[in-house]
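According to full-length UniProt numbering, the sequence shown is numbered sequentially starting from 1.
Backbone N, C-alpha and C fix where the C-beta goes; we use that ideal spot for every residue, glycine too.
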Amino acid sequence: MKMGVDVKTGRKVHTRSWKGPDDPSDGNFSQGLEPFNIPEGVIRNNNQIYFRTGPWNGHIYIGLIHMNSVYLDGLYVVADDEGKSYYETFEYSNKSMLIYYELNYEGRFVQRNWDAGKGDRINSCHMLQNDCDFYGKCGAFGICDPTKQPICSCSKGFKPRNAEEWSRGNWSSGCFRTTPLQCQRDINNGSGGAYQSDDGFLKLKTMKAPAFPDQSSIINGECKDQCMKNCSCVAYAYDAGIGCMFWSGDLIDVQKFPTRGVDLYIRLSSSELDKGKSSKVIVITTVTAGIVVITISALFLWCGMAKQRGTNKRHKQIKHKSYSENVGESSIGVKLQQLPLFNFEELATATNNFHPEKRLGQGGFGPVYKGTLDDGKEIAVKRLSKASGQGLEEFMNEVVVISKLQHRNLVRLFGCCVEAEEKILVYELMPNKSLDAFLFDPVKQRLLDWRKCFNIIEGISRGLFYLHRDSRLRIIHRDLKASNVLLDQDLNPKISDFGMAKIFGGDENQANTKRVVGTYGYMSPEYAMQGQFSEKSDVFSYGVLLLEIVSGRRNTSFYNNKDDLSLLGYAWNY
């Protein structure tokens, strides 16, 4: 049996599960080789990673503790001379052995050996032996240990991002660092000198290597120094067959093994590593500080309650006034009251008071936060920044436009909130964020094979065609770009951000504006220079986006050494 992938073309040969125990049609699960920085075997549930074997070290997958060697397990991973294709093959030295491999409809990859005595096949081993084997079970920086209850915990120096969810057994939100690294503080303060930081490393023994490591062939003794020199390096490990492995982002899919595995070194501030040395002082200080905090908090609470009573009354008055004056008689054709309305307190609670850890991104309109309503529904909360150049006109324009549009490739608007100076839109949550997060990330872009790219291109085309031709209103988006295309859990695209959109009447096909809005690099020449826009303006932006998807390069960052061209200019000349 031979499975593999061609990095250049994206062509894959993999196994596919049945849809059910008695249904041989293609199911949701697939298993094959993934050409990450270091090749790994991966089981996917639709497009999402479901299980990973850990990196290949030339003899075994180091994330499979029951795997012995190529000689006993019969598995080889081979790369061509240029590293453009990889394949894995199963071939036992004992030719008389009859081995059967199956990816069943539940996503379990099972090896079955023929037992001549029983005259039947018997299961010898399979992946996914416990809950910790499921990919990312404990979220970012979470550690899964199947021998403990609960199975998920945070490493020293980290705390759960959402303590309430963790208490209910939902660990997907992961952990966050409680004390910033000294190295990062030095950079933020402008002092540079990352190598001068007094950060240290916490050693975790016999661990499953986290996902997506970078590889270096330097010897073991130099791994620590190499990581310390790089401020973005958050962890390292060493394997004799691979060399040094480094991680610069979130540590995902970390598991404690009973044996084998690797020693994982996680970077921490020296203050976290030294906490145990001064526990008595900390206890006394904590008690004293606690008394002071409680006293001050009680005072502020008393004042805040009195202030809040007055604020709520003003909010109701302002809210009613905003609806009636700014919106109720608006010529743009919709009343705000026709939409589901959220109150500010509800959205503040859903986003933990718009905590920075809940922030999904930042656009020209303002920040976008992840929120969870009381009924458990996850939402994206788009809050108009007071410093934004956009105001009530753009806010209402987006409300009006998107509330009248229903299409699978357009993001759904759940409702909005207008209270005092707050203007907030509530959307469906898109778990994979925006297209640019995949296209221009050296790790994530490898997940976009040609089939997925084509599906994204087709989805954007369908959404744009709907806006121009099939919707009740003819809409010109005017700001189509990679960051305004969101991806759902299956990487299906949805066009978003209609704050700059223009509604055309039935007889209109072109308009002029004195205020040119949008993103340079995506604007058509007649729009950027003369303010003329039409459906052709969106088609031009779509063409630039198409070039970015095909090339994997950002339009504004693609330069030719000789001519200093943008991606658009390069494509035009060549």
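### Where the beta strand (DSSP E) through valine 247 begins and ends
Per the sequence shown, residue 247 should be read as tryptophan rather than valine. Its beta strand (DSSP E) spans residues 243 to 247.
### Residue range of the unbroken beta strand (DSSP E) whose run includes proline 493
Counting along the chain, the beta strand (DSSP E) containing proline 493 begins and ends at 493 to 495.
### Query
What is the DSSP secondary structure of aspartate 538, reduced to helix, strand or coil?
Of the three classes helix, strand and coil, the one that applies to aspartate 538 here is helix, per DSSP.
### Query
Taking DSSP as the reference, what is the three-state secondary structure of alanine 571?
Secondary structure of alanine 571 (DSSP, three-state): helix.
#### Entry: When Lys229, Asp274, Asn230 and Gly200 are compared against residue 581, the one with the closest alpha-carbon
One cannot answer for residue 581 here, as it falls past the ends of the chain, which runs 1 to 574.
### Message
Taking a contact to mean a Cβ-Cβ separation below 8 angstroms, would you say glycine 243 touches serine 269 in this structure?
### Response
In this structure, glycine 243 keeps its C-beta atom at 8 angstroms or more from the C-beta atom of serine 269.
### Query
What number of angstroms, rounded off, separates the C-alpha of valine 110 from the C-alpha of glutamate 102?
Those two C-alpha atoms are separated by around 5 angstroms.
### Query
How is cysteine 152 classed by DSSP in three states: helix, strand or coil?
Under the three-state reduction of DSSP output, cysteine 152 falls in the strand class.
### First through last residue of the beta strand (DSSP E) which encompasses alanine 237
Taken as a continuous stretch (DSSP letters only), the beta strand (DSSP E) holding alanine 237 covers 235 to 239.
### 6 angstroms CB neighbourhood of glutamate 40 in its chain, flanking five on each side removed
Around glutamate 40: Glu34, Arg52, Thr53 and Pro55.
### Query
How is the beta strand (DSSP E) around tryptophan 56 delimited, first residue to last?
Per DSSP, tryptophan 56 lies in no beta strand (DSSP E) and is assigned neither H nor E.
#### Entry: Residues near valine 401 in its chain [Cβ-Cβ closer than 8 angstroms; skip 5 each side]
In the same chain as valine 401, and ignoring 5 residues on each side of it, the C-beta atoms closer than 8 angstroms to its own belong to Leu473, Ile475, Phe498, Ala501 and Ile503, in chain order.
### Query
Closest by CA to threonine 147, which one among Ser155, Lys536 and Pro258?
The residue with the shortest Cα to Cα distance from threonine 147 is Pro258.
### Message
If you measure between the beta carbons of lysine 159 and threonine 179, is that distance less than 8 angstroms?
### Response
In this structure, lysine 159 keeps its C-beta atom at 8 angstroms or more from the C-beta atom of threonine 179.
### Task
Give a yes or no on whether the C-beta atoms belonging to serine 153 and leucine 204 are separated by under 8 angstroms.
At a Cβ-Cβ threshold of 8 angstroms, serine 153 and leucine 204 do not count as neighbours.
### Task
Reducing DSSP to helix, strand and coil, say where alanine 528 ends up.
Here alanine 528 sits in helix by DSSP.
### Query
Is there contact between the region 525 to 537 and the region 482 to 492, where contact requires at least three CB pairs shorter than 8 angstroms?
Counting Cβ pairs under 8 angstroms, fewer than three are found: no touch.
### Query
Cα separation between threonine 351 and lysine 370?
C-alpha separation (whole angstroms): 6 angstroms.
### Task
Give the range of the beta strand (DSSP E) segment to which leucine 487 is assigned.
Annotation: the continuous beta strand (DSSP E) that includes leucine 487 extends over 485 to 487.
### Task
With DSSP as the reference, label lysine 12 as helix, strand or coil.
If DSSP states are grouped into helix, strand and coil, lysine 12 belongs with the strands.
### Integer-rounded CB distance, given that lysine 444 should sit under 8 angstroms from leucine 545
Rounded to whole angstroms, the Cβ separation of leucine 545 and lysine 444 is 17 angstroms, and the two are not in contact under 8 angstroms.
#### Entry: Nearest-angstrom Cα separation, counted from serine 434 out to leucine 486
So the two alpha carbons sit approximately 4 angstroms from each other.
### Query
Apart from the five residues just before and just after serine 232, which ones in its own chain have a Cβ nearer than 7 angstroms to its Cβ?
Counting only Cβ-Cβ distances below 7 angstroms, and skipping sequence neighbours, we find Ser248.
### Task
Please report the residue range of the alpha helix (DSSP H) in which glutamine 226 lies.
Element bounds for glutamine 226: 223 to 229.
### Message
By the three-class DSSP mapping on this structure, what secondary structure does glutamate 34 have?
### Response
Residue state, collapsed to three classes: strand.
#### Entry: Residues bridged to isoleucine 99 [DSSP beta-bridge criterion]
Residue pairing from DSSP places isoleucine 99 in a beta bridge opposite Asn113.
### Task
Count the other CB atoms, across all protein chains shown, that sit within 10 Å of the CB of asparagine 573; report buried if there are 16 or more and exposed otherwise.
So asparagine 573 ends up on the exposed side.
### Message
Short of 6 angstroms in beta carbon distance, which residues of its chain neighbour residue 580, apart from the five on each side in sequence? Order them along the chain.
### Response
Look at the range of the chain in this structure, 1 to 574, and you will see that residue 580 is not part of it.
### Query
Quick one, are the C-beta atoms of valine 234 and glycine 142 less than 8 angstroms apart?
When the beta-carbon positions are compared, valine 234 and glycine 142 stay at least 8 angstroms from each other.
### Task
Look at aspartate 375 and proline 431 and say whether their C-beta atoms are less than 8 angstroms apart.
Note that the C-beta distance between aspartate 375 and proline 431 is not below 8 angstroms.
### Query
For arginine 44, does the three-state DSSP call read helix, strand or coil?
Reduced to three states, the DSSP call for arginine 44 is strand.
### Query
Under the rule that 16 or more other beta-carbon atoms within 10 Å means buried, what is glutamate 66, buried or exposed?
According to the sequence as given, residue 66 is histidine; it is not glutamate. Only exposed fits histidine 66, as fewer than 16 other CB atoms lie within 10 angstroms of its CB.
### Query
Just curious, the alpha helix (DSSP H) that threonine 206 is in, first and last residue?
Here threonine 206 belongs to no alpha helix (DSSP H); instead the beta strand (DSSP E) covers 200 to 208.
### Message
Considering only their Cβ atoms, is the gap separating asparagine 343 from glutamate 419 smaller than 8 angstroms?
### Response
Taking C-beta atoms as the reference points, glutamate 419 and asparagine 343 count as a pair closer than 8 angstroms.
### Query
alanine 437 lies in the alpha helix (DSSP H); which residues open and close that run?
Run containing alanine 437: 436 to 439, per the alpha helix (DSSP H) assignment.
### Limits of the beta strand (DSSP E) - the one that threonine 372 falls within
367 to 372 is the extent of the beta strand (DSSP E) around threonine 372.
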